[in-house]
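Reviewing the structure listed below.
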Amino acid sequence: EPEVTQTPSHQVTQMGQEVILRCVPISNHLYFYWYRQILGQKVEFLVSFYNNEISEKSEIFDDQFSVERPDGSNFTLKIRSTKLEDSAMYFCASQGALNIQYFGAGTRLSVL
Amino acid sequence: QKEVEQDPGPLSVPEGAIVSLNCTYSNSAFQYFMWYRQYSRKGPELLMYTYSSGNKEDGRFTAQVDKSSKYISLFIRDSQPSDSATYLCAMRDTGNQFYFGTGTSLTVIP
Chain X
296 EPEVTQTPSH QVTQMGQEVI LRCVPISNHL YFYWYRQILG QKVEFLVSFY NNEISEKSEI
356 FDDQFSVERP DGSNFTLKIR STKLEDSAMY FCASQGALNI QYFGAGTRLS VL
Chain U
830 QKEVEQDPGP LSVPEGAIVS LNCTYSNSAF QYFMWYRQYS RKGPELLMYT YSSGNKEDGR
890 FTAQVDKSSK YISLFIRDSQ PSDSATYLCA MRDTGNQFYF GTGTSLTVIP
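Chains as they are written, first to last, in the numbering used here: chain X, 296 to 407; chain U, 830 to 939.
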């Protein structure tokens, strides 16, 4: 069964450093998403991406965040200057023709 | 005002019980409704997806949507210990932004 793959599973970084979280969506899907889930809190939408550009973004997705699809398979989330409050699970999701999202297992980001 | 409200629980039931999980929402533009199951430190896994009022059944799971009341439910029949997880409702309008509930933590006791 096709799946969404995220790497790394756990990323530890120092405050102020840049991190790149990587995702390989399901190959024939067209829409891609990033979500954040702070420990014990709800899953929060960050951004959706379609046709090589941002489709929608939330208030959380400020100038420190960026997304990119550098090649035909990878979808990345970059956080330029990490803050302590960026510590969370980050989930990538991809969506095909049936409007159903499939989530990856997530990357746990720990900012020290 | 929260878009989606969900009782976080925790909910604890004996094996074999019928479980009822609920969400309410405020945005009448929501058209697509989903239930996800999330195990600890894992990504959400889609259980049910519907876009109309009424019931949709899949095995032991039934999703119910009442758009007039802005209320959705997930019923789990003959609950099993393996059903122990956090259940998230999610919904979206015609755009591409999904709104999640806080999740309800369920424990099924053998």
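Glycine is no exception: its CB is placed at the ideal position from the N, C-alpha and C atoms.
- In chain order, Q306, T308, K373, I374, T377, L404 place their CB closer than 8 Å to the CB of X:V314, counting only its own chain and leaving out the 5 sequence neighbours on each side.
- Taking a beta-carbon distance threshold of 7 Å, U:Q926 counts as an interface residue toward chain X.
- Under the 8 Å Cβ criterion, the region 379 to 387 of chain X counts as touching the region 331 to 338 of chain X, having at least three qualifying pairs.
- Near chain X, meaning a CB-to-CB distance below 9 Å, the residues of the region 875 to 890 of chain U are L875, Y878, Y880.
- Closest in C-alpha terms to X:Y326, from the list X:I349, X:S353, X:R317, comes X:I349.
- Selection U:Y900, U:E874, U:D922 evaluated against U:D836 yields U:Y900 as nearest (Cα-Cα).
- By a beta-carbon distance limit of 8 Å, X:L341 does not contact X:I321. Their separation comes to about 19 Å.
- In the structure shown, X:L404 falls within a strand segment according to DSSP collapsed to helix, strand and coil.
- In this structure, U:M877 is the residue among U:P873, U:M877, U:V833 with its C-alpha nearest to the C-alpha of X:L393.
- DSSP links U:V833 through a beta bridge to U:Y854.
- Neighbours of U:Y861 across chain X, judged by C-beta separation under 7 Å: N394.
- Counted as a single uninterrupted DSSP element, the beta strand (DSSP E) harbouring U:D895 occupies residues 890 to 895.
- Within chain X, no residue has its beta carbon less than 7 Å from that of U:P839; the closest one is some 12 Å off.
- Between X:S382 and chain U, the shortest Cβ-Cβ separation is not below 7 Å.
- By the Cβ neighbour-count rule, U:R906 is exposed, with fewer than 16 other Cβ atoms within 10 Å of its own.
- U:R870 counts as exposed, since fewer than 16 other beta carbons sit within 10 angstroms of its beta carbon.
- Your pair U:F890 and U:L903 checks out as a contact, with CB atoms roughly 7 Å apart and the cut at 8 Å.
- Contact note: U:G932 reaches chain X through K337, using a C-beta cutoff of 7 Å and chain order.
- With a 10 Å radius around the Cβ and a threshold of 16 neighbouring Cβ atoms, U:Y868 comes out exposed.
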